[in-house]
């Protein structure tokens, strides 16, 4: 009787561990993806700004 009761508890414990691991994995990958998107957006903004500044400086030099 103890063996029959221990088996469902073991299965339920394993299922709980799998669900916790899956939840932590999803949260980690979503956070990592969010950070990567923010860094990529900052890089694009910096590149566009520096390109605009270079263009402005070259136009300003031509106007002299």
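Numbering (the working numbering), first residue to last: 124 to 187. Positions of the beta carbon are idealized from the N, C-alpha and C atoms, including for glycine.
Please report the distance separating the alpha-carbon of residue i from that of residue j.
i: residue 178; j: residue 171; result: 10 Å
i: residue 167; j: residue 182; result: 22 Å
i: residue 138; j: residue 130; result: 12 Å
i: residue 151; j: residue 141; result: 15 Å
i: residue 133; j: residue 169; result: 54 Å
i: residue 146; j: residue 162; result: 24 Å
i: residue 159; j: residue 136; result: 34 Å
i: residue 176; j: residue 144; result: 48 Å
The ligand COA heavy atoms versus the CB of residue i: any closer than 7 Å?
i: residue 131; result: Here there are no bound small molecules, and the ligand COA is not part of this structure.
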